[in-house]
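*Asks:* To convert, note that position 273 of the sequence shown is 272 in numbering that gives the first Met the number 0; the numbers rise steadily by one, no gaps. Encoded as structure tokens, here's the structure I'll be asking about.
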Amino acid sequence: METCQLKKPSLELSNQQIITPQEHSAIMRPGLAIIQVGNNPSSLTYVSKKIALCEKNQIYHELYHFPESISQKEIIHQIRTLNQQGSIDGILVQLPLPSHLSRLEISNEIKLSKDVDCLHMANFQNLLQNGEDNDIIPCTPAAVLHILDTQEIDVRNQNITVIGRSQLVGFPLSVLLLKRNARVTICHSETTVQEHVEKADIVISCAGHKELVKGEWIKNGAKVIDVGITRIPGTNKIVGDIEFNKALPRVSFITPVPGGVGPLTVSMLFKNLYRVWCRSNGLKANIDELDDELDYAQNYQF
Numbered sequence: 000m001e002t003c004q005l006k007k008p009s010l011e012l013s014n015q016q017i018i019t020p021q022e023h024s025a026i027m028r029p030g031l032a033i034i035q036v037g038n039n040p041s042s043l044t045y046v047s048k049k050i051a052l053c054e055k056n057q058i059y060h061e062l063y064h065f066p067e068s069i070s071q072k073e074i075i076h077q078i079r080t081l082n083q084q085g086s087i088d089g090i091l092v093q094l095p096l097p098s099h100l101s102r103l104e105i106s107n108e109i110k111l112s113k114d115v116d117c118l119h120m121a122n123f124q125n126l127l128q129n130g131e132d133n134d135i136i137p138c139t140p141a142a143v144l145h146i147l148d149t150q151e152i153d154v155r156n157q158n159i160t161v162i163g164r165s166q167l168v169g170f171p172l173s174v175l176l177l178k179r180n181a182r183v184t185i186c187h188s189e190t191t192v193q194e195h196v197e198k199a200d201i202v203i204s205c206a207g208h209k210e211l212v213k214g215e216w217i218k219n220g221a222k223v224i225d226v227g228i229t230r231i232p233g234t235n236k237i238v239g240d241i242e243f244n245k246a247l248p249r250v251s252f253i254t255p256v257p258g259g260v261g262p263l264t265v266s267m268l269f270k271n272l273y274r275v276w277c278r279s280n281g282l283k284a285n286i287d288e289l290d291d292e293l294d295y296a297q298n299y300q301f
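Written out as structure tokens, the structure is:
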């Protein structure tokens, strides 16, 4: 089976797919469609980073930025159109969505083979069963696992406190850590967070609440991964879930915000896009080759 290259692909169309002349130039490279609703500050930050990386790495992309008032029917219609579009290999719905839209129903409209964020229920169920052997892993959990691996942090029999239980980050990450034989505690809005943080060897916070975790809660020598991102109103300042400066003297390792998990999450999105692009064109994905093609965040090292 042929091994594909990101910038100089050589492929043949499979399954008798019909490509229009307008789509032909785009199909020779991965194509990503991003659906964004409203102007959530964190979403704006992430989308801008994704578009910048698309442009830097010659990845075809389309952004559909809808007003917050858009109906669910209109969003679903757009997704169904993109499902049939040959130049689009991956479809990403930027979260969070406004409260009148159903994330589950919208995610389940994405064609399974184009679900680069592993949000379709069938892909999510495969993840629960297969763990890291799954073809696609949600981007932020994949980023956290990458950090653990590159820093040679062994989670076996470690007490890990995960703060947040969303389907996008907290819940799938907890499952993946359990499959690595960690002892995992999941905290949520009804949990007294402090008592679990104080006992944790590793703290991973993905709540999205400004400095929720106080520095003095973290035990000496613990390792901390901060997934949260909150923009301070009226400023361009971004902070995480952890009181970084107060935690820093106590920890053996900590990721910063901004930086750290955020940029790496974007890179993991493009790893997933590369996989589905190769798969849809009958090519073997050599993910190791992406290390020279995409920019990974190394600024989480301290």
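From the three backbone atoms N, C-alpha and C, an ideal C-beta is built for every residue, glycine too. Bear in mind that the values here come from a model prediction, so they are computed numbers and not experimental data.
Within 10 angstroms of its Cβ, does His-302 collect 16 or more other Cβ (buried), or is it exposed?
*Replies:* Lying before the first or after the last residue shown, residue 302 is absent from the chain, which here runs from 0 to 301.
*Asks:* Between the C-alpha atoms of Asp-88 and Asp-148, what's the straight-line distance to the nearest angstrom?
*Replies:* To locate residue 88, count along the sequence shown from 1; it is residue 89. To locate residue 148, count along the sequence shown from 1; it is residue 149. Rounded to whole angstroms, Asp-88 to Asp-148 spans 28 Å at the Cα level.
*Asks:* At which residues does the alpha helix (DSSP H) containing Thr-184 begin and terminate?
*Replies:* Mapped onto the sequence shown, residue 184 falls at position 185. Note, Thr-184: premise wrong, no alpha helix (DSSP H); beta strand (DSSP E) at 182-186.
*Asks:* With a CB to CB cut of under 7 Å and the five nearest residues on each side skipped, what residues in its chain are close to Ala-141?
*Replies:* To locate residue 141, count along the sequence shown from 1; it is residue 142. Excluding positions up to five away in sequence, the list reads Met-267.
*Asks:* Below 6 Å CB to CB, which residues in the same chain sit around Leu-62 once its five sequence neighbours on both sides are set aside?
*Replies:* To locate residue 62, count along the sequence shown from 1; it is residue 63. Hits under 6 Å: Ile-33.
*Asks:* With respect to the alpha helix (DSSP H) encompassing Ala-141, which residues constitute its N-terminal and C-terminal limits?
*Replies:* Here the question's residue 141 lines up with position 142 in the sequence shown. Looking at the DSSP string, the run of the alpha helix (DSSP H) that includes Ala-141 is 138-149.
*Asks:* Between Tyr-273, Leu-282, Asn-280, Gly-281, which has its C-alpha nearest Ile-135's C-alpha?
*Replies:* As a first step, residue 135 is located in the sequence shown; it is residue number 136 there, counting from the start. It is Tyr-273.
*Asks:* Under 8 Å: do the region 242-252 and the region 63-73 share three or more Cβ pairs, one atom per stretch?
*Replies:* Segments in contact, no.
*Asks:* With Asp-200 and Gln-157 assumed to form a contact (beta carbons below 8 Å), what rounded beta-carbon distance in angstroms separates them?
*Replies:* On the sequence shown, position 201 is the one that residue 200 refers to. On the sequence shown, position 158 is the one that residue 157 refers to. Asp-200 to Gln-157, Cβ: 4 Å. Contact.
*Asks:* On the CB-based measure, 16 or more other CB atoms within 10 Å of its CB, does Gly-220 come out buried or exposed?
*Replies:* As a first step, residue 220 is located in the sequence shown; it is residue number 221 there, counting from the start. Answer is exposed; the Cβ neighbour count stays below 16.
*Asks:* What do you reckon, are the CB atoms on Glu-108 and Ile-78 nearer than 8 Å?
*Replies:* In the sequence shown, counting from the first residue as 1, residue 108 sits at position 109. In the sequence shown, counting from the first residue as 1, residue 78 sits at position 79. Closer than 8 Å, so yes.
*Asks:* Runs of 4 residues minimum, wholly inside the region 49-104: which ones carry the alpha helix (DSSP H) assignment?
*Replies:* For the region 49-104, whole alpha helix (DSSP H) runs of length 4 or above, ordered along the chain, are 71-82.
*Asks:* So for Leu-282, helix, strand or coil by DSSP?
*Replies:* Within the sequence shown, numbered from 1, the residue matching residue 282 stands at position 283. If DSSP states are grouped into helix, strand and coil, Leu-282 belongs with coil.
*Asks:* For the putative contact between Cys-138 and Asn-39, defined by C-beta atoms under 8 Å, what is the C-beta separation to the nearest angstrom?
*Replies:* Working through the sequence shown from its first residue, we reach residue 138 at position 139. Working through the sequence shown from its first residue, we reach residue 39 at position 40. Rounded, the Cβ-Cβ distance is 17 Å, inconsistent with contact.
*Asks:* Using C-beta distances below 6 Å, list every residue in its chain close to Leu-12, excluding the 5 sequence neighbours before and after it, in chain order.
*Replies:* Position 13 of the sequence shown, counting from 1, holds the residue named residue 12. Confidence at Leu-12 is low in this model, with a pLDDT of 37, below 50, so the placement of that residue is unreliable and no value is reported for it.
*Asks:* Who are the near neighbours of Ile-90 in its chain, counting only those whose CB is closer than 6 Å to its CB and skipping five residues on each side?
*Replies:* Reading the sequence shown from its first residue, position 91 is the one you call residue 90. Result list for Ile-90: Ala-32, Leu-81, Ile-109, Lys-113, in chain order.
*Asks:* Going by other Cβ atoms of all chains shown within 10 Å of its Cβ, with 16 needed for buried, is Gln-93 buried or exposed?
*Replies:* Numbered from 1 along the sequence shown, position 94 holds the residue referred to as residue 93. Buried: at least 16 other Cβ atoms inside 10 Å.
*Asks:* So for Asn-158, helix, strand or coil by DSSP?
*Replies:* For the purposes of this step, residue 158 is taken as residue 159 along the sequence shown, with counting starting at 1. Asn-158: strand per DSSP, three-state reduction.
*Asks:* Starting from the C-beta of Gly-261, find all residues in its chain whose C-beta is less than 7 Å away, skip the five residues before and the five after it, and write them out in chain order.
*Replies:* Residue 261 sits at position 262 when you count from the first residue of the sequence shown. For Gly-261, where only same-chain residues beyond five positions count, the Cβ hits under 7 Å are Ile-228.
*Asks:* Which same chain residues, not among the five before or five after His-23, have their C-beta less than 7 Å away from its C-beta?
*Replies:* Translated into the one-based positions of the sequence shown, residue 23 becomes position 24. At His-23 the pLDDT is 45, less than 50, meaning the model places this residue with poor confidence and gives no usable figure here.
*Asks:* Exposed or buried, what is Glu-210 when buried is set at 16 or more other beta-carbons lying within 10 Å of its beta-carbon?
*Replies:* Within the sequence shown, residue 210 is the residue found at index 211, counting from 1. Its Cβ being crowded by 16 or more others within 10 Å, Glu-210 is buried.
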